[in-house]
Structure formats: C-alpha cells, structure tokens
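Engineer: Got a structure for you, questions after.
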Amino acid sequence: MSRIGVFVCHCGENISRTVDVERVAAEIGKLPGVALATDYKYMCSDPGQGLLKKAIAEHRLDGIVVAACSPRMHEKTFRNAARAAGLNPFLCEMANIREHCSWVHEDREEATTKAIDIVRLMVERVKKDKALQPITVPITKRALVIGGGIAGIQAALDIADCGHQVLLVEREPSIGGHMAQLSETFPTLDCSQCIMTPKMVDVANHPNIKLHTYAEIENVDGYIGNFQVTIRRKARSVDMDKCTGCGVCMAKCPQKKIRSKFDCGLGTRPAIYVPFPQAVPNTPVIDRENCTYFKSGKCGVCAKVCGPGAIDYDQQDELITEPVGAIVVATGFELYTINEKPKGSSIKGYGEFGHGTIPDVIDGMTFERLASASGPTGGKILRPSDGKEPKQVVFVQCVGSRAREKGISYCSKVCCMYTAKHTMLYKHKVHDGQAYVFFMDARTPGKSYDEFWRRAVEEEEAVYIRGMVSRLYQKGDKIVVMGSDVLVGVQVEIEADLVVLATAVQPRQGADSLAQKLGISYDTYNFYSEAHAKLKPVECATAGIYLAGTCQGPKDIPDTVSQASAAAAKVMTLFSRDQLEREPIVARVNERNCVACFSCKKVCPYGAVEEKEIRDRQGNLIRVVAYVNPGVCGGCGTCQATCPSKSVELDGYTDEQVMAMIEAL
Amino acid sequence: MKNSKMYLSTETMNLGFVRKVEALSGSSVRRCFQCGKCSAGCPMRTFMEHPPNRIVRLLQLGQWERVLAGRSIWYCASCETCSSRCPNKVDLAAIMDALRKLSWDANGPSKESYVQLANRLFIENIKTYGRQYEMRLAAVFNIKSGQFMKDFLLGPKLLTKGKLKVFHQKNRNIGEIEQIFSRIEEMRKKGEAP
Chain X
6 MSRIGVFVCH
16 CGENISRTVD
26 VERVAAEIGK
36 LPGVALATDY
46 KYMCSDPGQG
56 LLKKAIAEHR
66 LDGIVVAACS
76 PRMHEKTFRN
86 AARAAGLNPF
96 LCEMANIREH
106 CSWVHEDREE
116 ATTKAIDIVR
126 LMVERVKKDK
136 ALQPITVPIT
146 KRALVIGGGI
156 AGIQAALDIA
166 DCGHQVLLVE
176 REPSIGGHMA
186 QLSETFPTLD
196 CSQCIMTPKM
206 VDVANHPNIK
216 LHTYAEIENV
226 DGYIGNFQVT
236 IRRKARSVDM
246 DKCTGCGVCM
256 AKCPQKKIRS
266 KFDCGLGTRP
276 AIYVPFPQAV
286 PNTPVIDREN
296 CTYFKSGKCG
306 VCAKVCGPGA
316 IDYDQQDELI
326 TEPVGAIVVA
336 TGFELYTINE
346 KPKGSSIKGY
356 GEFGHGTIPD
366 VIDGMTFERL
376 ASASGPTGGK
386 ILRPSDGKEP
396 KQVVFVQCVG
406 SRAREKGISY
416 CSKVCCMYTA
426 KHTMLYKHKV
436 HDGQAYVFFM
446 DARTPGKSYD
456 EFWRRAVEEE
466 EAVYIRGMVS
476 RLYQKGDKIV
486 VMGSDVLVGV
496 QVEIEADLVV
506 LATAVQPRQG
516 ADSLAQKLGI
526 SYDTYNFYSE
536 AHAKLKPVEC
546 ATAGIYLAGT
556 CQGPKDIPDT
566 VSQASAAAAK
576 VMTLFSRDQL
586 EREPIVARVN
596 ERNCVACFSC
606 KKVCPYGAVE
616 EKEIRDRQGN
626 LIRVVAYVNP
636 GVCGGCGTCQ
646 ATCPSKSVEL
656 DGYTDEQVMA
666 MIEAL
Chain D
13 MKNSKMYLST
23 ETMNLGFVRK
33 VEALSGSSVR
43 RCFQCGKCSA
53 GCPMRTFMEH
63 PPNRIVRLLQ
73 LGQWERVLAG
83 RSIWYCASCE
93 TCSSRCPNKV
103 DLAAIMDALR
113 KLSWDANGPS
123 KESYVQLANR
133 LFIENIKTYG
143 RQYEMRLAAV
153 FNIKSGQFMK
163 DFLLGPKLLT
173 KGKLKVFHQK
183 NRNIGEIEQI
193 FSRIEEMRKK
203 GEAP
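These protein sequence lines map, in sequence, to chains X and D. For our numbering, add 5 to where a residue sits in the first sequence, where the first one is 1. For our numbering, add 12 to where a residue sits in the second sequence, where the first one is 1.
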C-alpha cells in the first residue's frame with residue numbers, strides 16, 4: 006500500500022476564492038493509499054516547503070501530490086524540496102487546480118468537485134510513478150559554426166574568445182558573406198567593408214578558430230554535446246599551405262571574362278580567383294567549370310607561373326569527421342529574383358516586370374555593388390546596359406515580399422531601410438538625379454531608423470510614392486514604370502533610366518536539406534524554426550543546435566550580430582559544465598515486444614530513435630529493434646502514441662499510469 | 013485633370029513652385045508623411061475636392077497645376093485646426109495662405125471671381141474707412157456679383173442684433189492705417205514683401 010501525501014495550496018486567495026480547499030483535502034484524505042492530506046496558504050513559501058519536508062519524514066511518504074498552480078510554475082520548487090527531504094524528486098507531482106480550475110470557473114461547488122477530480126487523478130498517477138535518475142551526458146567542448154557571414158563570424162569569435170575551440174565552415178572560397186558585398190550600412194552610412202574586414206582577419210588569426218572555407222556539411226550524427234560532423238572540403242586545386250597569396254596566377258590566367266558572382270555579374274574574374282581582394286583566406290580557387298585546363302587539358306599557365314608550386318590539379322574533395330558539442334547554424338539568405346521560376350516551384354516570378362529580361366532592372370544587392378567604392382564601377386552609379394549615368398532612378402519596394410500570390414507573404418524587414426539608404430547614396434553621387442520610391446508601407450522600427458528614412462525624404466529629396474508598381478517595360482532606352490499614387494488617387498507613370506527592385510530575402514537554396522541533415526525544423530519558406538518565438542529565439546527544438554542570422558528569418562545587421570552573440574552565449578552556457586544533466590522523462594523501448602516497424606523513428610521530431618542490432622554471443626544478428634537515445638529524446642510522447650505494438654513508453658507517462666488516471670475519473 | 017495620369021519627371025515636378033510655397037509659408041512641405049490628421053479635423057473638408065492632406069501630397073510631387081486648379085484652397089477658413097494639431101509641425105494654414113497668394117498672383121485657373129471680389133472689396137473698405145463697413149461690403153458685393161438678393165433676409169436679423177451698422181464709422185487713426193498700406197507698397201517695390 007502506498008503512502009501518498011497530498012498538499013493543497015490556497016495560493017493566497019487565487020485558489021481558495023473559488024475552490025473549497027479544506028474540503029478537497031478532506032475528500033482526498035479518504036482515498037486508499039493517501040497517508041496525509043492537508044492544506045496551506047502558500048505551499049511554495051519557505052514555511053510551506055518546510056511543512057512538506059517535515060511531512061515526508063514524519064509520515065514516511067513514498068509519493069506526494071502538490072495541488073496548486075501549473076507545473077511550469079513550481080514543479081521544480083517542489084521536486085527540489087522533495088529531494089531535500091530524501092524523496093526521489095520524480096515521485097513528486099503537481100495537480101494544477103489554479104490555471105485549470107479556480108481561474109477559469111466561477112461556481113464554487115462545481116470548481117471544488119473538479120479540483121477533487123484533478124487531485125484524485127494525480128494521486129493515482131503518483132502511485133505508479135517510478136523513481137528516476139537524471140540522465141548525464143558528456144560534453145565535447147568544441148563548437149561548429151556553419152556559415153561565415155557576419156552571423157557566423159560573430160558567433161565564432163565570441164565562442165573562441167571564451168576559450169573554446171570553434172570550427173567555422175563556409176561554402177564559398179572566402180568568409181565575409183553578404184555584408185562584405187555591401188557599400189555602406191544604415192542608419193549611420195559607415196562603410197561595410199571597413200567594419201567587416203577587421204573581423205574577418207580576427208577570425209583568420211584566432212588561435213581557437215579552425216577555418217574551413219570552400220567546404221560544406223556532408224553529414225551530422227549524434228546529439229547534444231556529442232555530435233559527429235562530416236565536412237566535405239571541396240577541391241580547391243590550390244595547396245593552402247604552399248600558396249602565398251601573391252596573385253600572379255590570377256593575373257596570368259587567360260580566362261578573364263567570367264562573370265563575378267561577388268559583383269552580382271557586373272564585373273569579371275579569372276578562372277583562378279579569390280572572390281574579392283580582401284578575401285580571407287587570401288588563397289585562390291580554380292573554378293573547374295570555366296578553367297581551360299579542366300575543360301581541354303591544355304593551358305596550365307597558373308601552375309607554370311606559381312613560384313611556390315601551390316597549384317594542384319589532381320586535388321580531390323576531402324571528407325573529414327570532427328567531434329563537436331554544439332552547432333550554430335548561420336547559413337544566411339539569398340535574394341529572390343523576378344525571373345521565371347522552375348515548374349513546380351511554389352514561388353512565382355514577375356512576368357509584369359519582364360521576368361528579369363530588362364537589363365537596367367536590377368536588384369538591391371547589384372545596386373550595392375554599383376555604389377561600392379571597391380565595386381566594378383569604382384563606386385560610380387552607371388547602368389548595366391550602356392554604362393550611362395542614370396538621371397531618373399525608380400526604386401520599388403516589396404518585390405516578392407508581402408506578395409502572397411507570388412508565394413511569399415512575409416515582410417523582408419530590411420528593404421525599407423536599404424532603399425532609403427540607396428536613395429541617399431544615389432543623391433550623394435548623382436547630384437542632379439532624381440530618386441523615386443514606390444512603397445506600400447515604410448517599416449522603419451529600430452534605433453535611429455525612422456529618422457534615417459525621413460532624412461532621405463526631407464533632406465535628400467527622394468520622392469516617395471505610396472503604391473505598388475503594376476508593370477515595367479522597355480521603351481527605347483528608358484524603362485516605363487506604371488504605378489499609382491494611392492494618396493492622390495491617380496495613376497503615375499515615370500520614364501526611368503534605372504529601376505532597382507528591393508527583392509525578398511529568402512533562405513539559402515538547400516536550406517531544407519541541411520536542416521534534414523541537422524534534424525532541425527523549418528517553416529514553409531525553409532527558414533529555420535526557433536524553439537519558441539519569444540522565450541527561446543536562438544535555440545532549435547533539437548538540443549545543442551542554435552540559430553544566428555537570416556537563416557532563421559529576415560533581419561538586419563544589428564539584429565544578426567545580437568542573435569549571433571546570443572547563440573554564442575547559449576553555447577558557452579552549455580560548455581560551462583563538464584556533464585549535461587537532463588530530465589529523465591524520456592521514452593524507453595520494450596525490446597521484447599518491438600516488431601521493428603520503426604513507425605516511432607518516422608514520427609520522432611528530435612531524431613532520437615535509432616536502429617539497434619541485437620546479437621548473440623557469437624555475434625550473429627538475431628533481430629533489430631528500435632532504441633531511443635536518451636540524450637536526444639525530448640520526451641514528447643509521440644512515439645508512444647504511434648507505436649502499434651505498444652512497446653515504447655515515456656517514463657512518468659506510461660500507459661499504465663494514464664489508464665489508472667482515466668479509471669479514477 | 014483630377015483623375016488624369018501623373019507623368020513624373022524632373023521636368024514635370026515643379027519643385028521651384030514648392031520652394032516658393034515653403035518660403036512664403038515658412039513651413040516644410042516634405043516633412044509631411046501623410047497621416048491625414050489635418051483632413052480628419054478640417055471643418056471645410058466636405059466642401060473640398062482635394063482634402064488638405066492631398067493638397068500637401070500634390071505639392072510634394074510638384075503638381076502645382078492640380079493644386080491651383082481646385083477650389084479647395086479657397087474653401088479653407090484659416091481656422092488653423094490643421095496647423096495646431098499636426099504631429100509633424102507642418103503649418104498647413106500658412107501653406108494654404110501661400111497657395112492663395114500664389115494663385116492670386118498667377119491669375120491662376122483657380123481664381124474664384126467671388127472670392128477675389130470679396131477680398132478686394134474688403135481691403136478697399138479698410139483703406140477708405142480704416143475699418144470694416146459691412147453694409148457697404150455686402151451691398152457692393154451683391155451688386156458687382158449680380159446676386160442682388162444674396163443673404164437678403166439675414167440683413168434685418170443682423171441689424172436688430174447690432175451686428176450690422178447702417179452708417180459707417182471711420183477709424184480715428186486712419187492716418188496710421190494709410191501708413192501701413194504705403195509701407196507694404198514700399199516693401200513690395202523693394203521685393204521684401206510678396
């Protein structure tokens with residue numbers, strides 16, 4: 006026979022106002038197996054907890070129920086008190102008679118009856134509770150940061166400065182990301198390169214950071230504290246140890262007309278190249294698709310001119326596996342294009358804007374390269390088609406963004422501000438030019454942001470026209486912009502020399518496949534999902550993986566840097582302990598009954614279910630069963646509900662316990 | 013005109029006109045972000061084809077012809093509700109004043125003959141008597157505008173309440189009033205006054 010103690014809390018008047026707590030205690034006291042039932046004004050207070058501890062000792066209780074508020078509020082408090090009194094904390098349960106009862110009911114009689122029911126159920130559950138021991142997991146104090154943009158760089162630097170090893174993996178030949186492409190940054194108009202490149206150099210020189218550029222994540226195994234990451238280091242064709250970064254190979258390469266991705270196709274680069282002069286590392290890569298040697302076997306000029314002999318045409322992709330304890334995902338964004346989308350894509354292009362066929366209709370990032378002092382035009386605003394200085398420039402906001410019909414209904418958050426910035430940069434460079442902006446809303450929340458936008462309108466004389474553009478078409482060497490001013494209520498037509506589209510911020514292509522490798526969730530647009538929109542904004546639902554920057558949703562540089570530092574802080578919190586202690590509310594497989602259908606594996610949102618082989622002493626495989634890794638299991642119980650043979654159960658929520666609770670009703 | 017398409021370019025946007033309005037009124041036009049509070053509180057809004065906020069919007073786009081074409085600026089009662097409530101310190105009442113002045117000078121399409129007439133007679137009375145002589149104002153206005161019986165029934169009421177005097181009363185300091193007029197004339201010649 007159990008000896009259960011029940012403690013009913015008044016919660017001041019929060020509960021006792023509607024629930025007759027004395028009667029609840031008296032009724033519950035009559036149940037078989039209940040050794041003690043009492044009530045108190047504030048159970049969570051020091052004297053309340055003292056009462057509980059004293060009762061455990063005096064009445065030799067083997068389980069307790071605290072009938073009070075939500076377990077989210079005080080379960081930890083009472084379990085700690087139980088532990089202090091020598092009772093296994095998992096034999097202490099809470100019956101929620103505040104949020105689930107007194108706060109939502111008015112009738113005292115009915116509320117009291119319901120409270121008695123709630124407590125009775127919990128008594129039945131506690132009777133079948135087992136003593137559980139916390140799970141401890143060792144931690145590899147080494148972090149992986151995926152993505153070398155400003156988010157990844159900031160997170161890597163913060164973690165490394167704390168004394169932990171960091172692996173920084175970047176897909177492109179250089180770190181820097183989009184921020185390295187920007188000309189000037191809002192709202193202060195400071196030069197992006199000037200604030201970015203020192204951070205890139207810090208990464209390269211940091212003793213705790215191991216940089217893998219031109220590399221991608223191939224596979225991720227393991228769980229919090231114990232990930233095994235396989236990284237594909239793509240063949241650079243240049244030996245990084247031998248190369249001195251002198252640049253002779255790039256100067257001598259006969260292939261020079263390849264469109265530079267870094268310059269948004271405005272400039273050209275050779276087949277052996279660094280994306281931009283300030284690249285980190287300053288080691289070129291050979292673009293094998295465009296290299297004459299790789300295409301025809303002839304040429305080989307770079308190998309001939311390379312003094313240190315660093316060119317290695319035979320280099321192969323290399324797979325390396327590294328153990329890490331935590332992962333920060335910072336894969337960033339790419340811009341939507343108005344081009345026609347492949348069939349079957351849920352996103353559409355803009356036929357009414359010419360599907361990207363009008364040469365002088367460019368996107369915001371291309372304008373950044375035009376305005377950048379290190380850009381292909383040396384900072385002169387010249388239009389791509391004929392290199393003339395445009396005198397009438399039309400900017401269109403919300404292209405792709407907030408366009409449900411095109412497949413994207415979110416706001417890209419940064420376009421209002423960068424368009425305001427573009428009008429200023431344009432006015433500073435073309436004094437007699439006129440900038441027009443078609444906008445639906447100007448969204449400028451942020452420190453000094455609205456002031457910045459108003460400055461563009463009031464001082465730099467950008468003409469803002471509220472209303473969306475209906476169509477763009479080429480007429481001679483002009484682009485006709487057909488719009489409307491909804492404030493005046495008339496149509497507007499402008500013959501522009503250049504049109505700049507503030508296109509939507511989208512997750513990187515392949516963001517979904519990386520998420521599948523990592524076992525993290527993502528939304529319909531492929532932005533990675535945080536565990537809680539407000540209270541866990543940088544954690545993934547999968548333990549040990551954190552998010553930074555635009556891979557989680559559109560955001561500007563200040564927000565990205567803040568989030569990166571927050572993610573780094575979470576990693577450092579994890580690394581501050583040698584062992585990770587987890588609540589033992591995890592699923593457990595009854596291996597005798599498991600039929601190895603692996604339905605549990607399919608539904609597990611944490612990727613905690615593995616296939617386990619059972620072998621005899623000779624090593625012959627007898628059968629395969631499901632195994633739940635307790636380090637990864639989130640304790641959601643989905644597997645338990647799915648299992649057709651009822652052979653997986655969540656500790657603390659077993660079928661037996663749930664049935665007992667139902668029967669007690 | 014009202015609903016026709018706007019072709020915007022540096023040529024079609026008369027920003028010189030806007031600067032003139034800004035100089036005359038002493039108020040920024042660009043500062044307005046079109047919240048519409050001026051139109052929300054305007055007592056004359058229902059008579060206007062362009063509500064006050066749209067007047068400012070058209071000015072921002074340098075569309076002076078559209079502004080002056082309408083009667084809106086003449087319906088403004090100069091009550092200054094807009095100016096006192098504007099969250100952005102745009103002095104719309106002053107802008108309306110400036111627009112009326114510019115419309116007057118330009119002999120613009122919006123020159124409402126009755127408004128002109130009333131204003132001219134008003135000033136003439138001040139010049140002659142040093143103060144307003146309502147009986148004469150009403151009589152001359154009705155004769156010159158050809159609306160002989162306009163507001164005729166109001167006359168007796170105003171008379172009995174003492175709001176309308178049959179005979180004029182001259183200002184004792186008429187000399188000073190004359191000086192004011194001649195000073196404005198001088199300033200105009202020097203280009204110091206509009």
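The beta-carbon is built from N, C-alpha and C at its ideal position, and this holds for glycine as well.
#1: Buried or exposed: H433/X, going by 16 or more other Cβ atoms within 10 Å of its Cβ?
#2: Do A669/X and E98/X count as a contact pair if the criterion is CB distance below 8 Å?
#3: Quick check on D490/X - is its C-beta less than 8 Å from some C-beta in chain D?
#4: Nearest to F153/D by CA position, among R97/D, G174/D, L129/D and Y145/D, is which residue?
#5: From which residue to which residue does the alpha helix (DSSP H) around A60/X run?
#6: If the criterion is Cβ atoms closer than 8 Å, does the pair C258/X and A315/X meet it?
#7: Which of the residues in the stretch 541 to 575 of chain X, read from start to end, lie with their CB under 9 Å from any CB of chain D?
#8: Beta-carbon separation of A73/X and M48/X under 8 Å?
#9: Check whether chain D comes within 8 Å of Q479/X, counting only Cβ atoms and requiring the distance to be less than that.
#10: In angstroms, rounded to a whole number, what distance separates the CA positions of I123/X and I102/X?
#11: Please report how far the alpha carbon of T23/X lies from the alpha carbon of T659/X, in whole angstroms.
#12: Would you mind telling me which residues of chain X sit closer than 8 Å to R83/D, beta carbon to beta carbon, in chain order?
#13: Between which two residues does the alpha helix (DSSP H) containing Y568/X stretch?
#14: Does any CB atom of chain D fall closer than 8 Å to the CB of Y441/X?
#15: For Q159/D, does the count of other Cβ atoms within 10 angstroms reach 16, so buried, or fall short, so exposed?
#16: When you compare the stretch 49 to 62 of chain D with the stretch 86 to 99 of chain D, are there three or more beta-carbon pairs, one atom per stretch, that lie closer than 8 Å?
#17: Curious, which full-length alpha helix (DSSP H) runs of at least 4 residues does the stretch 23 to 60 of chain D contain?
#18: Taking any Cβ of chain D, which residues in the stretch 386 to 415 of chain X have a Cβ under 8 Å from it, in chain order?
#19: Using a 10 Å radius around the Cβ and a threshold of 16 neighbouring Cβ atoms, would you call I277/X buried or exposed?
#20: Determine contact between the stretch 225 to 235 of chain X and the stretch 410 to 426 of chain X, defined as no fewer than three beta-carbon pairs at a distance below 8 Å.
#21: Which residues, taken in chain order from the stretch 202 to 228 of chain X, show a beta carbon closer than 8 Å to some beta carbon of chain D?
#22: Is it the case that the stretch 489 to 501 of chain X contacts the stretch 517 to 534 of chain X, given that we only count it when at least three CB pairs across the two stretches are under 8 Å?
#23: In chain order, what residues of the same chain lie with their CB nearer than 6 Å to the CB of K483/X, ignoring the 5 residues before and after it?
#24: Just how far apart, CA to CA, sit V404/X and V663/X?
#25: Would you decide whether A536/X is buried or exposed? Buried here means 16 or more other CB atoms lie within 10 Å of its CB.
#26: Give the C-beta separation of I144/X and L430/X to the nearest angstrom, bearing in mind that I take them to be a contact with Cβ-Cβ under 8 Å.
#27: Do three or more CB pairs link the stretch 632 to 646 of chain X to the stretch 24 to 33 of chain D at distances below 8 Å?
#28: Give the straight-line distance between the Cα atoms of H183/X and P313/X, rounded to the nearest whole angstrom.
#29: Go ahead and pull the three-state DSSP assignment for T297/X.
#30: DSSP beta-bridge partners for G227/X?
#31: Report yes if the C-beta distance between C254/X and C304/X is below 8 Å; otherwise report no.
#32: With 16 as the cutoff for other CB atoms within 10 Å, does V178/D come out buried or exposed?
#33: Answer with buried or exposed for Q186/X, where buried requires no fewer than 16 other C-beta atoms within 10 angstroms of its C-beta.
#34: For Q46/D, which residues in chain X fall below 8 Å Cβ to Cβ?
#35: Start and end of the alpha helix (DSSP H) containing Q159/D?
#36: In chain order, which continuous runs of the beta strand (DSSP E) of length 3 or greater are located wholly inside the stretch 373 to 419 of chain X?
Structural biologist: Taking the structure as given:
#1: Numbered from 1 along the first sequence, position 428 holds the residue referred to as residue 433/X. Answer is exposed; the Cβ neighbour count stays below 16.
#2: Taking the first residue of the first sequence as 1, we reach residue 98/X at position 93. Taking the first residue of the first sequence as 1, we reach residue 669/X at position 664. Going by C-beta atoms, E98/X is not nearer than 8 Å to A669/X.
#3: As a position in the first sequence, residue 490/X is number 485, starting the count at 1. Output row for D490/X: interface = yes.
#4: As a first step, residue 153/D must be located in the second sequence, where it is residue number 141. Taking only the C-alpha atoms, the option nearest F153/D is L129/D.
#5: As a first step, residue 60/X is located in the first sequence; it is residue number 55 there, counting from the start. D51 to E63 is the span of the alpha helix (DSSP H), which, as asked, contains A60/X.
#6: Locating residue 258/X in the first sequence gives position 253, where the first residue counts as 1. Locating residue 315/X in the first sequence gives position 310, where the first residue counts as 1. In this structure, A315/X does not lie closer than 8 Å to C258/X by Cβ.
#7: none
#8: Sequence index remark: in the first sequence, residue 73/X carries index 68 (1-based). Sequence index remark: in the first sequence, residue 48/X carries index 43 (1-based). Cβ atoms of A73/X and M48/X: closer than 8 Å.
#9: Translated into positions along the first sequence, residue 479/X becomes position 474. With 8 Å as the cut-off, Q479/X does not count as an interface residue toward chain D.
#10: On the first sequence, residue 123/X is found 118 positions in, with the first residue counted as 1. On the first sequence, residue 102/X is found 97 positions in, with the first residue counted as 1. In a straight line, the C-alpha of I123/X is about 7 Å away from that of I102/X.
#11: Start at 1 with the first residue of the first sequence, and residue 23/X comes out as number 18. Start at 1 with the first residue of the first sequence, and residue 659/X comes out as number 654. Their backbone Cα atoms lie some 32 Å apart in a straight line.
#12: One-based indexing of the second sequence puts residue 83/D at position 71. Those do not exist, as R83/D stays about 17 Å from chain X at its closest Cβ, beyond 8 Å.
#13: Within the first sequence, residue 568/X is the residue found at index 563, counting from 1. Reading the sequence as shown, one finds Gln at residue 568/X and not Tyr. I562 to F580 is the span of the alpha helix (DSSP H), which, as asked, contains Q568/X.
#14: On the first sequence, residue 441/X is found 436 positions in, with the first residue counted as 1. Answer yes: the Cβ-Cβ gap between Y441/X and chain D drops below 8 Å somewhere.
#15: Locating residue 159/D in the second sequence gives position 147, counting from the first residue. Its Cβ having fewer than 16 others within 10 Å, Q159/D is exposed.
#16: yes
#17: 27 to 37 and 49 to 53
#18: K396 and Q397
#19: As a first step, residue 277/X must be located in the first sequence, where it is residue number 272. Looking at its Cβ environment, which holds 16 or more other Cβ atoms inside 10 Å, I277/X is buried.
#20: no
#21: none
#22: no
#23: For this step, residue 483/X is matched to residue 478 along the first sequence. Counting only Cβ-Cβ distances below 6 Å, and skipping sequence neighbours, we find E500.
#24: Position 399 of the first sequence, counting from 1, holds the residue named residue 404/X. Position 658 of the first sequence, counting from 1, holds the residue named residue 663/X. The straight-line gap from Cα to Cα measures roughly 53 Å.
#25: Within the first sequence, residue 536/X is the residue found at index 531, counting from 1. Flag for A536/X reads buried.
#26: Walking along the first sequence from the start, residue 144/X turns up at place 139. Walking along the first sequence from the start, residue 430/X turns up at place 425. Contact flag wrong, Cβ pair sits at about 47 Å.
#27: no
#28: To locate residue 183/X, count along the first sequence from 1; it is residue 178. To locate residue 313/X, count along the first sequence from 1; it is residue 308. Their backbone Cα atoms lie some 32 Å apart in a straight line.
#29: Position 292 of the first sequence, counted from the start, is the residue given in the question as residue 297/X. T297/X: helix per DSSP, three-state reduction.
#30: As a first step, residue 227/X is located in the first sequence; it is residue number 222 there, counting from the start. Beta-bridge pairing links G227/X to F232/X.
#31: As a first step, residue 254/X is located in the first sequence; it is residue number 249 there, counting from the start. As a first step, residue 304/X is located in the first sequence; it is residue number 299 there, counting from the start. Their beta carbons are not under 8 Å apart, which means C254/X does not touch C304/X by this criterion.
#32: Numbered from its first residue, the second sequence carries residue 178/D at position 166. Exposed.
#33: The count along the first sequence starts at 1 and reaches residue 186/X at position 181. The residue in question, Q186/X, is buried, as its Cβ has 16 or more Cβ neighbours within 10 Å.
#34: Taking the second sequence and counting its residues from 1, one reaches residue 46/D at position 34. The contacting residues are R471 and L492.
#35: Position 147 of the second sequence, counted from the first residue, corresponds to residue 159/D. Element bounds for Q159/D: n/a, residue is neither H nor E.
#36: 397 to 404
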